[in-house]
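Using our numbering, you'd call the opening residue of the sequence shown number 587 and step up by one each time.
Glycine is no exception: its CB is placed at the ideal position from the N, C-alpha and C atoms.
The structure displayed is predicted, hence computed values, not measured ones.
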Amino acid sequence: MIRNKQMHRVVLLGLILLPLINCSKDTEILATFDGGTVTRREMNFVIEASKRGNTEPQPISADIQGKILESIALEKILLKDAIASKKVSDADVSKIESLVKDFLKLNVYMREYVKNGLKSKPLEFINLQLALVRGEDESENLKKAQDLANRLNDMSDKEVAVEIAKVTDDMTRKPIGGKLEPFCTNCAETPLEDILNEVRNVKEGKFIAYAKQGEGRIVYVVRSLGTEKVHPERLRKYFTSIFDAFREEAIEYGKTHEDAETKASIAYFTEGESADKANQFASHTMKEYEQGLYQKELKKITEESGITVANLPRFTGPDDVDPKIFTPEYSLFSNKEGKSYTWKDLTADFDAIPSQLKQEYKTEKAKTWDMLNLFQSTILQGKIAETSKRVQSVENEIGYLMQLDKMKVSLALKSLQDEIKAIPVNVTEAQMRDAYEAGKLYAYSDQDPKNPQNRIPKPYAAVRERIKTEMEGTQRNSFIEQKVSGLKTTYNLVIANDRLKEVTL
């Protein structure tokens, strides 16, 4: 008994210590510089973000990790140096943070919501069987369709498949008795959304006749064969089993139907490997599922916010904009208390953008166009996010903190770009001639069409500007290298290479 209690304490202690150990790894400092650090958590986030949806584990060498750490540190150093040298003010940093913080929170929340949904929520499918009735006389179509639905409802499943194959105007589905590939009902909305809603309102297995509003030349006679829930990891196997069943039905149908049109329909179900088709369908369905998760959650957050957005005029580009429409009191949206966000408010937010991130506008139309884009892409989403507690809960997430840092660094990067542009570069004619002579049989030549082994030099005049641009770029790159080296030295950047080993993430 005593031994069991001791074992229980050991296990309990292990469970307590495990998250603490993982936490300490996340906060492990892997790079230092005067006034700042870079943690393993930050490095791992950059690695994960760079995978861009690739879920397969990848080996990350110590050398790559070192380069990532240096890149993160240099961004922090660059901002710190720009503030110290008064190229960027603390006020500008506060302005950019105020402008984008809630917008970034929404981005991070939605990304994490979708990622977790893909792991934990199954896809929901409905299996449909249908026949099409086509014709110019809409009332006659509906009558025929209703008669067909009544007949089918009195038949066995086997008889239904035979009857649909005889009467449907959809040739492509005859070989499998009108069955369709499963429809995902919790993915993004589909063109058959209204049909799905009608089918859900009747008993499973019962045929109904349905025509879309104003589209009576096509009437659907359709029923549900049942619903299924499938977890993402099973999706390929699920579709493979569907396509295998379709193949068998099509082969049987082909034994008694040999006309050219039917053969073409049968070929769709019998040619190729079921697994290959399943992979394509699974990939497409997962994209729709991801899109559906995103759309539905964003819609829910928007509805909960109580924000009502004005119907803005549609513009295709800056030249199409009419700035006179947007008077100071023009309401862009109103909140649940009825308070409006007006064009005057947008103007104030736009004017608060740090000057480094603004451009010179030649016309009022161009400025108005940019203001509208800023409102729709950033400010509106930020205002919606501001009202949501679950969105605001990500304020300590590494994804949010690093994206916010990126936005702040953009101020310093713009200052650096201006500094680079201002560098006096001087390329002489003699230098360009020398570069041409050195590269005329390689970089500045074309392949001889008569003899691929030979190169034909391009005329110097044809490549002169290219050579000049390349040589000026080389000089500017040399300045960047010196700048980076100087920052690393000035701020005493140190990478803890002894703590880096190849990892798989």
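Give me the Cα-Cα distance between residue i and residue j, rounded to the nearest whole angstrom.
i     : j     : result
A861  : D845  : 28 Å
P1038 : D1032 : 10 Å
E1058 : I939  : 32 Å
D1034 : N1040 : 5 Å
R1050 : M1018 : 7 Å
K637  : A971  : 27 Å
E628  : S657  : 11 Å
D688  : Q962  : 14 Å
V1011 : D612  : 45 Å
F919  : Q1061 : 50 Å
I615  : K701  : 27 Å
Y916  : T964  : 19 Å
K691  : D676  : 22 Å
A896  : E876  : 28 Å
S1071 : G652  : 16 Å
K823  : N865  : 9 Å
Could you check if residue i is buried or exposed, using at least 16 other CB atoms within 10 Å of its CB as the buried criterion?
i    : result
V788 : exposed
E661 : buried
K863 : buried
D740 : exposed
G903 : exposed
F912 : buried
M957 : buried
A853 : exposed
Q715 : buried
Using a Cβ-Cβ cut-off of 8 Å (strictly less than) and excluding sequence neighbours within five positions of residue i, which residues of its own chain qualify?
i     : result
E698  : V980, E983 and G985
K1000 : Q942 and L943
T771  : E710, F711, I712, L782 and T813
N1083 : A648 and G652
G924  : none
Quick check: is the beta carbon of residue i nearer than 8 Å to any beta carbon in chain B?
i    : result
I965 : In the structure shown, chain B cannot be found, because there is only a single protein chain.
Just to confirm, is the Cβ distance from residue i to residue j under 8 Å?
i     : j     : result
V805  : N727  : yes
Y1046 : Y1028 : no
S827  : P761  : no
T556  : R833  : Any property of residue 556 remains undetermined from this structure, which presents the chain solely from 587 to 1091.
E683  : R803  : no
P708  : V785  : no
G892  : N921  : yes
F867  : E779  : no
V746  : I887  : no
L664  : A1008 : no
P909  : K951  : yes
A648  : K1074 : no
Closest to residue i by CA distance: which of the options is it?
i     : options                    : result
E890  : A717, A952 and S974        : S974
V632  : G622, A659 and P914        : A659
Y620  : V1080, K1087 and R1085     : For the sequence presented, residue 620 should be read as Asp rather than Tyr. For the residues V1080, K1087 and R1085, the minimum Cα distance to D620 belongs to V1080.
D743  : L718, L811 and V686        : L811
K798  : L990, R976 and L718        : L718
E819  : K681, T871 and I682        : T871
D935  : D906, L966, Y947 and V907  : L966
K729  : P708, A1016, P768 and I794 : I794
D733  : V694, C773, Y796 and E710  : Y796
R626  : I654, P777 and P645        : I654
V694  : A751, Q989 and N897        : Q989
T1090 : T623, L821 and I650        : I650
K885  : P899, E775, K910 and T842  : E775
G622  : D667, I646 and N630        : D667
E1005 : A1048, K873 and N1063      : N1063
Who are the near neighbours of residue i in its chain, counting only those whose CB is closer than 7 Å to its CB and skipping five residues on each side?
i     : result
N1078 : F619 and D620
Y880  : M696 and V700
Which same chain residues end up closer than 6 Å to residue i when comparing Cβ atoms and leaving out the 5 residues on each side of it in sequence?
i     : result
V748  : none
V679  : K994
Y1098 : Residue 1098 lies beyond the residue range present for the chain, which begins at 587 and ends at 1091; the question has no answer from this structure.
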